[in-house]
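Residue numbers (my numbering), protein chains in the order written: chain Z, 13 to 403; chain X, 57 to 780.
We put the CB at the ideal spot given by N, CA and C, even for glycine.
As the structure is a computational prediction, the values presented were derived from the model and not from experiment.
All remarks here apply to the structure that follows.
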Amino acid sequence: MNNNEIFAEAAAPQPSPSHIWENFKEWIRRNLKGDIIIWLIVVLLSLGSMLVVYSATGTLAYQHGGGYPELFLLKHAGYLFVGLFVMWLVHRVNYTYFVRLSRAALFMSIPLLILVKVAGVTINGATRWLAIPGIGITFQPADFARMALIANLAAMLAKRQRVDYDWQVFTRMILWVGIICFCTALSSTSTAALLGITCFLMLFIGRVPAKYLLVMVLFIGVAGGLGLVFGQRLETAKGRIERFLANDEHQARQAIIAVANGGTFGTGPGNSHQRNYLTQAFSDFIYAIIIEEYGLIGGAIVLILYLWLLVRGVKNISLTNRAFGGLLSAGLTLSIVIQAFANMTVAVGLVPVTGQPLPLLSMGGTSILFTCVSLGVVLSVSRGEADESKI
Amino acid sequence: MISKTNNIRADIARRSWVVSSLLIIVAILVIWRIVYVQHYAKYKGKPWVKYMANTVRIDTIPAMRGNIYSSDGSLLATSLPYYEVSIDPAASKEKYFYSRIDSLATLFANTFGQRTKEDYLRELKFARHEFEVNKKKGNRNVRLLNRQITFREYQMITTQQIQPSAKATRGWPFFRQFNNGETRGGKLPVFYRRYLPFGNLAARTIGYLDRATYRGLVGLEASFDRKLSGTPGIGLFRVLDDKTFMPFEESEKLQPANGYDLYTTLDVNFQDIAESSLRKTLNRYQADYGTVIVMEVQTGAIKAMVNLALSKKDTGYAETFNYALAQPTNPGSTFKLATMVAALEEGKVSPATSIQTGNGSTTYGRVTITDTKAHGTITVQQVLEQSSNVGTHLIMQRSGFYTNPYKYMEYLKKFHLTQPTGVAMLGEAPPLAPQPKTTGWDGTSATRLSYGYVWEITPLQTLSFYNAIANNGYWVRPMIVQEVRNANEVIQAIKPQVLEQRIASEQTIRRVQKMLEGAVADKQGTGHIIHNDQYQIAGKTGTAQLIINNTYSKVGKYNVSFAGYFPAKSPKYSCIVFVSHPKGGRGDNLYAGSVAAPVFKEVADRIVGYDVKMHPPVPNKKNNVKETNKQLRAGQADDLRTIAEALNTDAPVNVNGWVMSAPNTKKQWTNTDTNPNKIPNLRGMSLRDALYLLENHGFKVNYQGMGKITDYTLKNDVYALILK
């Protein structure tokens with residue numbers, strides 16, 4: 013649009029509603045590349061998260077924020093805004109650039125994960141965060157490592173689509189998966205387990221023969237087990253599983269009460285009762301609060317949004333010429349959706365308590381940023397313009 | 057090549073749909089689980105939703121009860137915090153408990169001495185053991201002391217430093233508060249108790265509280281309970297967990313509003329004077345009870361209200377019931393004043409009218425009227441002064457009150473004797489005042505009423521009538537509270553209520569005032585015993601036979617009283633003294649003149665001595681000024697100038713700061729503070745100036761004597777001053 017056009021538009025007497033809508037569509041088309049549906053899902057989830065976080069932080073605000081939940085809301089909205097902006101930036105970048113970047117990131121993530129063990133910040137009894145010096149922001153190196161590993165794995169799998177697998181070829185992949193999962197398990201068992209599952213599914217999608225997958229399962233199991241034993245979280249994990257089996261976990265019980273209280277249509281926005289009892293109402297148990305306030309219907313909508321996201325992410329496979337883009341997109345969406353399902357199954361009491369936030373919906377700044385970067389990459393893939401031959 | 061790529065892609069796509077299907081299955085599981093939890097799942101036999109905890113807890117936040125002050129600002133009643141001391145032996149970790157329990161037991165045993173250390177240890181360790189062995193069974197609230205502790209003791213327990221270690225720990229073990237305000241099991245819940253700084257003084261007038269509800273039960277505490285108690289806050293709390301309650305935002309409106317302070321008209325000194333005088337007499341005559349009220353004539357402000365009754369526990373006299381306000385009795389002869397005012401108003405007799413009382417005994421219908429002695433022929437004036445029953449009866453007859461008792465009743469109503477005074481205190485007893493042709497009234501009633509029987513009225517009622525006479529006929533409602541304040545803000549200022557209409561004509565009032573003066577001043581007056589030359593008292597005695605088992609008792613059982621005012625010429629205070637059933641003799645040594653009147657005099661004497669405003673100004677004689685000028689004077693020049701101006705003595709001229717007059721010379725003043733590092737000459741200074749000077753320079757000061765400093769010595773930084 014040159015200057016003349018701008019003036020011409022400004023001079024137009026009264027733009028009709030349909031005109032505005034056309035302009036809006038034009039603006040979207042020009043600025044938001046890639047799968048518009050994914051954009052839509054992200055926006056819906058972001059708006060939803062504002063509602064739920066505002067309601068769920070009332071208690072937190074009283075305990076730490078001097079009684080102003082608005083402060084938490086503003087902070088959360090800020091993170092969402094930055095996240096969406098980062099997502100927009102990332103989605104304009106050709107995803108093939110991330111391959112080289114991710115290799116470096118993978119090497120970096122190992123010392124970071126070990127650093128967490130040594131000098132991490134403890135939040136809610138788990139040491140998973142690293143403070144970035146000077147700006148007071150903490151982040152989970154596990155999030156970082158996960159992205160790096162998925163991107164690398166996608167690249168490695170893509171290269172091996174035309175070769176026959178032998179142990180040597182397979183070992184390199186599985187070694188990376190093992191190392192990262194082990195290092196992650198040092199600080200967070202559940203994150204490591206989810207990453208293991210995601211990688212396994214990626215390997216399956218990436219057409220790794222069944223016998224190798226079987227070996228891998230064994231390997232991950234052993235590596236994860238060792239991580240547990242030598243890490244800090246064995247007792248927590250053991251206790252949680254024991255209490256889950258005995259239905260003796262206070263938080264889980266409170267979450268189930270929230271679910272039960274929600275009914276079909278929920279108690280309405282801001283009317284959650286159980287948020288006062290769930291210390292992690294705004295994060296690990298946010299899905300329980302969603303069901304309490306918006307009922308089975310609201311819970312199902314959130315569930316469907318994530319499934320839809322998965323479907324759109326997987327659909328990218330058919331968009332790309334080569335396997336890398338598809339695998340990258342499928343892997344990243346899978347990791348997000350699996351994390352979401354981990355959160356939701358915990359909230360409704362299907363599995364023992366883990367400390368997984370609900371991507372995009374939970375409060376938690378840096379976790380949102382990493383999710384947005386992942387989705388930005390997925391969107392970049394969905395543009396379907398990249399030439400993968402040079403990878 | 058292309059087909060292979062397509063095959064690969066298709067295979068990847070197919071595999072990813074397999075994975076997606078797995079997640080869809082999980083999604084279905086989640087939905088199923090939600091439906092199951094909402095409709096079918098049970099936990100310990102109940103649907104999950106039944107386990108929802110109570111969210112809202114209503115707590116009242118007690119408001120601070122206001123204080124009660126005397127008119128001079130002394131604190132009469134206030135609330136003090138007391139604390140109960142107990143401990144939850146299961147609240148601390150095992151290591152903490154066993155390493156510190158010994159220290160705790162020692163501290164409590166040594167400091168309070170209620171129980172031995174071993175005793176404490178046994179109980180606490182047992183309770184802890186019980187808790188460890190079978191949870192929840194042990195006593196989790198072990199009382200450590202059988203009394204509540206004071207704020208000082210509370211401070212000691214919570215802040216005393218036990219170990220002088222580098223890591224300063226304040227407070228006794230288990231009781232020290234950590235950053236979150238929690239202790240390791242020590243509990244010190246607060247209870248407020250009402251405290252009267254002056255002890256028994258006016259205790260019944262001030263009143264006391266219901267122990268359980270902390271609301272006023274009697275006295276001013278009850279009368280002004282709503283003002284004093286404030287409004288307790290109602291806190292709506294969201295229960296977050298067992299320990300955290302989050303107040304609802306709306307509840308800010310329900311913050312407790314602290315009670316207002318009450319400024320009474322009572323004067324601690326008056327009260328003290330009245331109480332000690334009455335107590336002396338009660339003790340001497342072993343009377344059942346007694347009461348004294350002192351009231352300011354023009355305002356009706358009650359300056360003292362004493363009620364002393366013989367305690368059943370044989371612990372002497374104490375303030376247990378407000379007889380002054382709530383015990384109507386036959387007033388006796390003090391009531392003759394009302395009859396006299398009515399008769400004079402009726403105009404059938406005048407003070408000089410002669411009345412033949414004869415030999416002091418007569419009959420009228422079925423009543424036999426007797427005087428204590430034969431008065432013979434006396435004037436109407438003397439009838440009241442000498443308190444003749446026969447004379448009063450004859451005045452009634454002459455005034456036509458027997459033929460028309462309603463006329464008499466009308467006067468009594470006008471005198472405010474038929475209804476309560478309306479003082480702002482709960483519990484005022486209305487007078488028992490039967491009217492003609494009603495129950496309790498017969499043919500003899502008018503006669504007996506005229507000299508103080510039949511009706512029963514309270515001492516306050518009688519006093520307010522006498523006060524009206526003193527106030528030139530203007531009746532004033534007694535008042536006891538002059539201000540209700542919220543800190544320094546005056547919420548309610550209570551004005552004296554003076555009736556616009558006189559209760560009787562000015563002439564009548566002047567006539568009866570004379571009679572009341574005569575009752576004390578005249579040698580034949582019943583109150584002559586208290587006559588004195590310094591100032592004049594006007595008043596009337598009252599001796600009434602006690603009613604025992606519905607009949608008047610035999611001789612020797614009386615209620616005696618003296619009502620009056622002083623100084624007689626320009627009345628400042630009215631006062632009534634009432635003593636019930638003084639013992640220790642028969643006949644006139646138990647009469648009002650012997651028992652009640654001396655109390656009145658003592659109270660009046662001491663009040664006159666205390667109240668400077670009542671003294672006539674002393675003329676400043678030339679001679680005095682000369683003497684003063686000769687004296688050595690020292691102090692701040694400005695202060696001395698002010699004093700000199702008021703006393704018309706020589707003022708220091710041309711000097712400033714600390715100065716002294718040259719001894720024995722006129723009009724010569726010298727500065728004494730020429731060297732700022734030296735203490736000026738102290739001779740001639742007042743103690744107040746000297747203390748200010750010396751203590752500001754860091755000296756300690758001893759002194760003896762009264763007056764001005766005549767000599768002083770300095771030894772080891774201690775000044776010894778001699779005052780003369």
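Only those residues of the region 86-111 of chain X whose C-beta falls short of 8 Å from the nearest C-beta of chain Z are listed: V86, I87, R89, I90, V91, V93, Q94, A97, Y99, P103, W104, V105, Y107, M108, A109 and T111. Rounded to the nearest whole angstrom, the CA to CA distance from P708 (chain X) to N685 (chain X) is 11 Å. Selection Z:Y299, Z:A312, Z:I268 and Z:G377 evaluated against M108 (chain X) yields Z:I268 as nearest (Cα-Cα).
Comparing alpha carbon positions, the residue from X:V423, X:M120 and X:A398 closest to P312 (chain X) is X:M120. Setting aside the 5 residues that flank it on each side, P371 (chain Z) is surrounded in the same chain by I348, Q351, A352 and T383, each with a C-beta closer than 6 Å to its C-beta; the list follows chain order. The beta carbon of M356 (chain Z) sits closer than 8 Å to some beta carbon of chain X. When C-alpha distances from F194 (chain Z) are compared across Z:A163, Z:I162, Z:I122 and Z:F156, the shortest belongs to Z:I122. Using a 10 angstroms sphere on the CB of R41 (chain Z), the tally of other CB atoms stays under 16, which defines it as exposed. A577 (chain X) and M571 (chain X) have their alpha carbons spaced roughly 9 Å apart. Going by DSSP, V358 (chain Z) is part of the alpha helix (DSSP H) stretching over A335 to A359.
When beta bridges are read from the DSSP output, S202 (chain Z) appears opposite no residue. The three-state reading of DSSP puts P253 (chain X) in coil, since its state is none of H, G, I, E or B. Residue X:I434 holds the alpha-carbon nearest to the alpha-carbon of G447 (chain X) among X:F457, X:I434 and X:Y458. With a contact defined as Cβ atoms closer than 8 Å, S392 (chain Z) and V55 (chain Z) miss out at about 18 Å. Under the DSSP definition of a beta bridge, R504 (chain X) lacks any partner. Residues Q170 of the same chain have their beta carbon placed closer than 7 Å to that of N202 (chain X), with the five preceding and five following residues left out of the count. Under the three-state reduction of DSSP, A69 (chain X) is assigned to helix.
For L177 (chain X), there are no C-beta contacts with chain Z under 9 Å, since the nearest C-beta of that chain is about 35 Å from it.
With a threshold of 16 other beta carbon atoms within 10 Å, S626 (chain X) falls short and is exposed. With the criterion set as a beta carbon lying under 8 Å from some beta carbon of chain X, the members of the region 289-310 of chain Z are Y289, I303 and L308, in sequence order. Within its own chain, no residue has a Cβ closer than 6 Å to the Cβ of L315 (chain Z) once the five positions on either side in sequence are excluded. For Y109 (chain Z), the enclosing alpha helix (DSSP H) stretches over residues Y109 to A131. Look at the region 540-580 of chain X and you find these whole runs of alpha helix (DSSP H), each 4 residues long or longer: 562-577. Between the beta-carbon of P253 (chain X) and that of F207 (chain X) there is about 15 Å, and that puts the pair past the 8 Å contact cut.
When beta bridges are read from the DSSP output, D317 (chain X) appears opposite X:R541. Here the region 537-554 of chain X does not lie against the region 650-662 of chain X, with fewer than 3 beta-carbon pairs under 8 Å apart.
The beta-carbon of R219 (chain Z) is placed less than 8 Å from the nearest beta-carbon of chain X. Taking all protein chains shown into account, D745 (chain X) has 16 or more neighbouring C-beta atoms within 10 Å of its C-beta and is therefore buried. Within chain Z, the residues whose beta carbon sits less than 8 Å from that of V82 (chain X) are F353 and T357, listed in sequence order.
Inter-segment contact for the region 337-348 of chain Z and the region 209-228 of chain Z is present: three or more beta-carbon pairs are separated by less than 8 Å. Taking CB atoms only, V75 (chain X) has a neighbour in chain Z less than 8 Å away. Residues are counted here when their Cβ sits less than 8 Å from a Cβ of chain X; for the region 255-279 of chain Z these are N259, R265, I268, I269, V271, A272, N273, G274, G275 and T276, given in chain order.
Along the region 468-532 of chain X, the alpha helix (DSSP H) occurs as fully enclosed runs of 4 or more residues at 501-506 and 515-526, listed in sequence order. In the DSSP secondary-structure assignment, Q760 (chain X) is bridged to X:I778.
For L244 (chain X), the closest C-alpha among the options X:A183, X:T214, X:D773 and X:E140 is that of X:E140. In the DSSP assignment, the residues bridged to Q692 (chain X) are X:W714.
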